[in-house]
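Q:
There are 2 protein chains.
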Amino acid sequence: MPNNHFKRGELYSFITGKASTAIARRLQKKFNNAGLNITIEQWSVLYHLWKKEGVSQQEICNATFRDKPSITRLVDNLEKLNLVKRVASENDRRINLIYLTKDAQKLQEETMAIADETLNDALENVPTDKVDICKEVLQIVYDNLK
Amino acid sequence: MPNNHFKRGELYSFITGKASTAIARRLQKKFNNAGLNITIEQWSVLYHLWKKEGVSQQEICNATFRDKPSITRLVDNLEKLNLVKRVASENDRRINLIYLTKDAQKLQEETMAIADETLNDALENVPTDKVDICKEVLQIVYDNLK
DNA sequence: GGCATATAGTTGTTTGTGCAACTATCCAAA
DNA sequence: TTTGGATAGTTGCACAAACAACTATATGCC
Chain G
1 MPNNHFKRGE LYSFITGKAS TAIARRLQKK FNNAGLNITI EQWSVLYHLW KKEGVSQQEI
61 CNATFRDKPS ITRLVDNLEK LNLVKRVASE NDRRINLIYL TKDAQKLQEE TMAIADETLN
121 DALENVPTDK VDICKEVLQI VYDNLK
Chain Y
1001 MPNNHFKRGE LYSFITGKAS TAIARRLQKK FNNAGLNITI EQWSVLYHLW KKEGVSQQEI
1061 CNATFRDKPS ITRLVDNLEK LNLVKRVASE NDRRINLIYL TKDAQKLQEE TMAIADETLN
1121 DALENVPTDK VDICKEVLQI VYDNLK
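Protein chains in written order, with the working numbering: chain G, 1 to 146; chain Y, 1001 to 1146.
1. If you follow the beta strand (DSSP E) that Ile1023 of chain Y is in, where does it begin and where does it stop?
2. Should Gly54 of chain G go down as buried or exposed, given a rule of 16 or more other Cβ atoms within 10 Å for buried?
3. Quick check on Asn96 of chain G: buried or exposed, where buried means 16 or more other Cβ atoms within 10 Å of its Cβ?
4. Would Leu145 of chain G pass as a contact of Ile1114 of chain Y if the rule is Cβ separation under 9 Å?
5. Within the chosen definition, does the region 64-72 of chain G reach the region 80-88 of chain G through at least 3 CB pairs nearer than 8 Å?
6. Thr39 of chain G and Asn77 of chain G: beta carbons closer than 9 Å?
7. Can you name, in chain order, every residue of its own chain whose Cβ lies under 8 Å from the Cβ of His5 of chain G, other than the five neighbours on each side?
8. Given Asn125 of chain G, which residues of its chain have a CB within under 7 Å of its CB, disregarding the five upstream and five downstream residues?
9. Ile1133 of chain Y and Cys61 of chain G - do their beta-carbons sit closer together than 9 Å?
10. Cβ atoms of Val131 of chain G and Leu1123 of chain Y: under 9 Å apart, would you say?
11. Does DSSP classify Arg86 of chain G as helix, strand or coil?
12. By the DSSP assignment, the alpha helix (DSSP H) with Leu78 of chain G in it spans what residues?
13. Report back the beta-carbon spacing between Leu119 of chain G and Phe1014 of chain Y to the nearest angstrom; my notes put them in contact at under 8 Å.
14. In chain order, what residues of the region 57-85 of chain G put their CB closer than 7 Å to some CB of chain Y?
15. When burial is assigned at 16 or more other CB atoms within 10 Å of the CB, is Ser1089 of chain Y buried or exposed?
16. If we ignore side chains and look at the alpha-carbon of each, how far apart do Asn3 of chain G and Pro1127 of chain Y end up?
17. Could you spell out where the alpha helix (DSSP H) holding Ile1114 of chain Y opens and where it closes?
18. Tell me, to the nearest whole angstrom, how far the beta carbon of Ala1104 of chain Y is from that of Leu1046 of chain Y; I am working on the premise that it is less than 8 Å.
19. Taking the C-alpha atoms as reference points, what is the distance between Lys30 of chain G and Trp1050 of chain Y?
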């Protein structure tokens, strides 16, 4: 039995990711309270577009660890909210390049401040070095399963 | 600025819980490959019932960090699969007590072995002390946001 | 007893996810 | 140049989560 064997009683909360669920719920509530009419999933797509826009849906899939149908529908909903636009690529007509609208640009500052605040809430009383170890472990877990 | 302030570029994967998502997907695949026709969410309910059955739906809500409608529907689906039964409480007719069927009892050994295996896959090359720190951090995060 | 309030559970709606099947386009090799 | 395989994106389906609104039952207080 390897020394990293997990005790059964602890399986559950690790698998369900209750901590990340709690963070997501808190962030969503703060968006709602601020009158921001977007879901955290939509926000996570905008998050990547603020870093780099004019990317294909496939690139968004890779960046956000989602499959193609999920991104199709998130982009559909973001388009309905007038936050992004699909623009057919001239070089390759299979590709939609996704661009931000002015409305979406306006959201960046406010939502990022709320997200910062949320993570500060979450990590209160957690020493920085332990946060670093936690991130390291989660990254290895992700790589192990990729 | 508190010393636990999170750098913006790292917000995202923490919030989305990509590690726990990856674990969940791996576990679901192993269930499917083993011909087990249940979702991980259904399994997470069974997981608690194996520890203690004959509990109310509300108790399952608390144990699994879900709201009541989610549990209503998970129990609906588990009932359709003939894995649990709702039994009206005699003391309090508002309450459904949830019991496992024989079919569900048979699933315990096999699915727990698969879950163990999945976590061993996930935690390969992660030293035990770092796993412990990670769990500790995630627990504090959860408590901070509760 | 009767009423207000709390609690247990259900239902409807919107949104998101994962999978499979599908269309359209591109590219490379015969 | 045609054809076969790869890639980008969409659609249908089943399942799940969050929220609000609802029903039914229990409880505590007058």
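Each residue gets a CB set at the ideal place from its N, CA and C atoms; glycine is no exception.
A: Judging by the given coordinates:
1. Segment Lys1018 to Asn1033 is the alpha helix (DSSP H) holding Ile1023 of chain Y; no beta strand (DSSP E) there.
2. With fewer than 16 Cβ atoms within 10 Å of its Cβ, Gly54 of chain G is classed as exposed.
3. Burial check for Asn96 of chain G: the Cβ neighbour count within 10 Å reaches 16 or more, so the residue is buried.
4. no
5. no
6. yes
7. Residue confidence is low: His5 of chain G scores 49 on pLDDT, short of 50, so the model does not pin down where it sits. No coordinate-derived value is stated.
8. none
9. no
10. no
11. strand
12. Lys68 to Lys80
13. Contact flag correct, Cβ pair sits at about 7 Å.
14. Cβ contacts with chain Y come from Phe65.
15. exposed
16. Caution is warranted here: a pLDDT of 43 is assigned to Asn3 of chain G, below 50, making its placement in the model unreliable, and the coordinate value is therefore given only provisionally. The straight-line gap from Cα to Cα measures roughly 8 Å.
17. Lys1102 to Ala1122
18. 6 Å
19. 37 Å
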